[in-house]
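> In the working numbering, the protein residues as written are 537 to 815. Glycine included, each C-beta is placed from N, C-alpha and C at the ideal position. What follows is a structure written as structure tokens; I'll ask about it next.
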Amino acid sequence: MVKIVTDSTSDITPEMARELGVTVAPLWVNFGGESYRDRLDIQPAELFYRLAKDKVFPTTGAPPAGAFAEAYDKLAEETSEVLALTISAKLSATYESAIEGLELRKRKDCRVEVIDTLTTIAGQALLVMIAAEEAKLGASLDQIMDVIRKFIPKTHTRICFDTLEYLHQGGRIGTAQAFMGSVLKINPIIGIIDGLVEGIARTRSREKALDWLYNFVKGFDNIRALAVEQATTPDKAEAFAQRLSSIFPMENIRRFVFGPVVGAHTGPHAIGVALVEQV
């Protein structure tokens, strides 16, 4: 059976990874001279606590190529085909690390392919879940790659923020830079478009931002997978998921929490949606 590798910006928890049968390479969060592996050495709650307490902006880093090589070699003990699905190469060096890991691995008898998903967070997670599902159904590596490449342009992610300061400090703000410095209190909507962070819309309140997200999802006729993601507001996210159940079955709406690496860029109050259209 084909084995799937991804990185921790997918916000797939260790528990979810075990359930799906996927391997997750952790990125790093750096507070001054201290470095932590995403979701292994530091959890979301601690990250958001430190953001509030220390008033500092952490930095983040990609997994080293050796981490991917180690994952490939370990999986080569049980399979002859591996597919790695990474965060957009336009947002992180993780894709390059995954590629470099191909040269560092010891087991060259196992075929390993790497795909840039051109997205991240829950959108990336939904693609990983589709790949894992296809693998469990017995699809070959080439078949799974074909499926994922068809779904990548059908994957859409939108996030509402209460501040873009964390995204700005992390250097991932993209065209959303235009939303900075407004004298108005706004809740901007950000999207991952063709692998980049793009400013999408300005809203005047959290309620209007959630209305915007709801209408965004409602605009799709044929949704295969849908997810809601939040940082520190699970009750609001759950209420929003309940609202979305008028569009998509409640029991099939996936829930995610922004992990430490992603949370370092979103800040504590972001809520997002990700969906994959049916091909």
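Out of curiosity, what's the CA-to-CA distance linking residue 586 and residue 800?
Residue mapping note: residue 586 aligns to position 50 of the sequence shown, counting from 1. Residue mapping note: residue 800 aligns to position 264 of the sequence shown, counting from 1. Approximately 10 Å, taken between the alpha carbons.
> Mind checking which residues open and close the alpha helix (DSSP H) that includes residue 672?
As a first step, residue 672 is located in the sequence shown; it is residue number 136 there, counting from the start. Here the alpha helix (DSSP H) through residue 672 covers 657–672.
> Taking the alpha helix (DSSP H) that residue 771 falls in, what are its first and last residues?
Residue numbering aside, residue 771 sits at position 235 when the sequence shown is read from its first letter. First-last of the alpha helix (DSSP H) with residue 771: 770–780.
> Counting only runs of 3+ residues fully inside the region 724–768, write out the beta strand (DSSP E) ranges in chain order.
DSSP runs (the beta strand (DSSP E)) wholly in the region 724–768: 732–739, 759–766.
> Under a Cβ-count criterion, where at least 16 other Cβ atoms within 10 Å of its own Cβ denotes burial, should residue 539 be classed as buried or exposed?
By one-based count along the sequence shown, residue 539 stands at place 3. Under this definition residue 539 is a buried residue.
> The beta strand (DSSP E) spanning residue 542 covers which residue range?
As a position in the sequence shown, residue 542 is number 6, starting the count at 1. Element bounds for residue 542: 539–543.
> Please identify the residue among 609, 742, 648, 640 whose C-alpha is closest to the C-alpha of residue 617.
Numbered from 1 along the sequence shown, position 81 holds the residue referred to as residue 617. Residue 617 has its Cα closest to that of 648, out of 609, 742, 648, 640.
> How many angstroms separate the CA atom of residue 699 from the CA atom of residue 562?
For this step, residue 699 is matched to residue 163 along the sequence shown. For this step, residue 562 is matched to residue 26 along the sequence shown. So the two alpha carbons sit approximately 26 Å from each other.
> Is the distance from the Cβ of residue 558 to the Cβ of residue 668 below 7 Å?
By 1-based counting over the sequence shown, the position of residue 558 is 22. By 1-based counting over the sequence shown, the position of residue 668 is 132. Contact flag set, yes.
> According to DSSP, residue 693 sits in a beta bridge with which residue or residues?
For the purposes of this step, residue 693 is taken as the residue at position 157 of the sequence shown. The partner list for residue 693 (beta bridge, DSSP) reads 810.
> Could you pull the DSSP bridge partners for residue 572 from this structure?
Translated into positions along the sequence shown, residue 572 becomes position 36. 565, per the DSSP bridge assignment.
> Give the secondary structure of residue 792 by DSSP, where H, G and I count as helix, E and B as strand, and everything else as coil.
The count along the sequence shown starts at 1 and reaches residue 792 at position 256. If DSSP states are grouped into helix, strand and coil, residue 792 belongs with the strands.
> Within 10 Å of its beta-carbon, does residue 778 have 16 or more other beta-carbons around it, so buried, or fewer, so exposed?
The residue labelled residue 778 in the question sits at position 242 within the sequence shown. By the neighbour-count rule (16 or more Cβ atoms within 10 Å), residue 778 is not buried but exposed.
> Assign residue 815 to one of three DSSP states: helix, strand, or coil.
Here the question's residue 815 lines up with position 279 in the sequence shown. Reduced to three states, the DSSP call for residue 815 is coil.
> Given residue 659, which residues of its chain have a CB within under 6 Å of its CB, disregarding the five upstream and five downstream residues?
In the sequence shown, the residue the question calls residue 659 occupies position 123. Cβ within range, chain order: 691, 693, 810.
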